[in-house]
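**Q**
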Amino acid sequence: MHTRKHVAMPGNSFFSVLLLLTAATIRVDAFSSSTVFYRQGQKSDELKIATTLAKELMNPLGVQSERFVVATDSSNNVIGWAQIKLLGELASSQRDPSKFDSRPGSVDLEQELDEAMWEEFEKNDNIQVPIGFKSFPWTKEYRAMEQGVKDRDQRRAELRAQRERELQNEQLWELSSVYVESSFRGQGIGSELVKRILRKRIVEDGYLPTSIYLLTLATTVDWYQDNFAFESVSSSDIPAPMAFEVTAGNFITKLIGAQLCCMQGTQQTLEICKSVPAW
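Shown next as structure tokens:
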């Protein structure tokens, strides 16, 4: 029976790289034990998850149970979990959209609005700027211009609300914190956790499979490709919120002969998720 290392890279910590390098080997082609159950994370799970993540040198901050799928034994003891979390906030993902091939997950909303408003302004032949006596505040021409300014402010607000809704749908996510207690490894529990969290987010919650990324070592890339149809992304396509983490992580891994890789879900990931039983 073949074995491969299986851990998704958690974010925001140099220690996370060390965790990947020391992760236990599990048998990814084994079937999950019949005494293992899977459910949505609950508030009562958060202390256990945070404490274990800290012990394993993973980021324990900001644990939110609704992001997690957990595995439990027959006594309802939590023995493993996986999460898909928001990959950076929109406000922290600014970019200059005039630059060609900007990274995924980055946007400059104000510049987009400026360009959209200017385009509409140029196409509107009804806009007249009063001159001479018509520019005095009491003239109908001035009042028409003033109303036009108010209308454009309202239009900008409408465009902003529309674009913010679109950006929410375009948000990026990270599969991370995949963990199974050592005494339960080798039963395919980690694989089942990943499948179920992907099904929950992609099939049930409607996330685009291409909006989900993960960080892992080069030695586990094939495992994510074979089991979940994730594909490696080039360095230029690494999402902006992940870019620093990858750079810092590779500085450490290269010192000890390892390599950190970024992967992205595909449409085939969706088809795989559809075959997973609903909760």
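The C-terminal residue of the sequence shown carries number 285 in my numbering, and the numbering is unbroken. Yeah, the Cβ is synthetic: ideal placement off N, Cα and C, and Gly gets one too. Predicted, not measured: the structure shown is a model, and the values here were computed from it.
#1: Around the C-beta of F139, are 16 or more other C-beta atoms found within 10 angstroms, so that it is buried, or is it exposed?
#2: Assign G86 to one of three DSSP states: helix, strand, or coil.
#3: Do you know offhand how far E72's Cα is from G271's?
#4: Considering only heavy atoms of the ligand COA, does any lie closer than 7 Å to the CB of T222?
#5: Nearest CA to the CA of G212: which residue from E126, T275, M64?
#6: Where do the N-terminal and C-terminal ends of the beta strand (DSSP E) with R45 fall, by residue?
#7: As a quick exercise: from L214, A167, R45, pick the residue whose alpha carbon is nearest that of V76.
#8: Note down the Cα distance separating A29 from D120, rounded to an integer number of angstroms.
#9: What's the C-alpha gap between F74 and R162?
#10: With a threshold of 6 Å on Cβ separation, who are the neighbours of P66 within its own chain once the five nearest residues in sequence on each side are excluded?
#11: So is K201 buried or exposed if we call it buried at 16+ other beta carbons inside 10 Å?
#12: Residues in the same chain with beta-carbon distance under 7 Å from D79, minus the five sequence neighbours each way, listed in chain order, please.
#13: Measuring alpha carbon to alpha carbon, tell me which residue in N256, D232, A249, A264 is nearest I278.
#14: Name the DSSP bridge partner or partners of M269?
#15: Less than 6 Å between C-beta atoms, sequence neighbours within five positions excluded: which residues of the same chain meet that for I262?
#16: Taking F257 as part of the alpha helix (DSSP H), name the residues at either end of that continuous run.
#17: Label E251 either buried or exposed according to how many other C-beta atoms from any shown protein chain fall within 10 Å of its C-beta, with 16 as the threshold for buried.
#18: If you draw a straight line from the C-alpha of Q265 to the C-alpha of V227, how long is it?
#19: Between the alpha carbons of L214 and E198, how many angstroms are there, rounded?
#20: Using 8 Å as the threshold, is the C-beta distance between V209 and K129 below it?
**A** Based on what the coordinates show:
#1: Taking the first residue of the sequence shown as 1, we reach residue 139 at position 133. Classification of F139: exposed, given that the 10 Å Cβ count is below 16.
#2: In the sequence shown, counting from the first residue as 1, residue 86 sits at position 80. In this structure, G86 counts as strand in the three-state DSSP scheme.
#3: In the sequence shown, the residue the question calls residue 72 occupies position 66. In the sequence shown, the residue the question calls residue 271 occupies position 265. Using only the alpha carbons, I get a separation of about 21 Å.
#4: You won't find the ligand COA in this model; it holds no ligand whatsoever.
#5: In the sequence shown, counting from the first residue as 1, residue 212 sits at position 206. When only C-alpha atoms are compared, the closest one is T275.
#6: As a first step, residue 45 must be located in the sequence shown, where it is residue number 39. 43 to 46 is the extent of the beta strand (DSSP E) around R45.
#7: As a first step, residue 76 must be located in the sequence shown, where it is residue number 70. That would be R45, whose Cα lies nearest to the Cα of V76.
#8: Walking along the sequence shown from the start, residue 29 turns up at place 23. Walking along the sequence shown from the start, residue 120 turns up at place 114. Caution is warranted here: a pLDDT of 43 is assigned to A29, below 50, making its placement in the model unreliable, and the coordinate value is therefore given only provisionally. Looking at the two C-alpha atoms, the distance is approximately 49 Å.
#9: Position 68 of the sequence shown, counted from the start, is the residue given in the question as residue 74. Position 156 of the sequence shown, counted from the start, is the residue given in the question as residue 162. Cα to Cα, F74 sits roughly 38 Å from R162.
#10: In the sequence shown, the residue the question calls residue 66 occupies position 60. Once the five neighbours on either side are set aside, the close Cβ partners of P66 are A56, L59, A60.
#11: By one-based count along the sequence shown, residue 201 stands at place 195. The residue is buried, with at least 16 neighbouring Cβ atoms inside 10 Å.
#12: The count along the sequence shown starts at 1 and reaches residue 79 at position 73. Around D79: T41, V42, I85.
#13: Stepping through the sequence shown from its first residue, residue 278 is reached at position 272. Taking only the C-alpha atoms, the option nearest I278 is D232.
#14: Locating residue 269 in the sequence shown gives position 263, counting from the first residue. Bridge partners of M269: L220, S238.
#15: Counted from its first residue, the sequence shown places residue 262 at position 256. So the list is empty, once near-sequence residues are dropped.
#16: Here the question's residue 257 lines up with position 251 in the sequence shown. Element bounds for F257: 246 to 261.
#17: In the sequence shown, residue 251 corresponds to position 245, counting from 1. E251 is buried by the Cβ-count criterion.
#18: Here residue 265 refers to the residue found at position 259 of the sequence shown. Here residue 227 refers to the residue found at position 221 of the sequence shown. Those two C-alpha atoms are separated by around 11 Å.
#19: The count along the sequence shown starts at 1 and reaches residue 214 at position 208. The count along the sequence shown starts at 1 and reaches residue 198 at position 192. Looking at the two C-alpha atoms, the distance is approximately 20 Å.
#20: Here residue 209 corresponds to residue number 203 of the sequence shown, with the count starting at 1. Here residue 129 corresponds to residue number 123 of the sequence shown, with the count starting at 1. Taking 8 Å as the Cβ cut-off, V209 and K129 do not qualify as a contacting pair.
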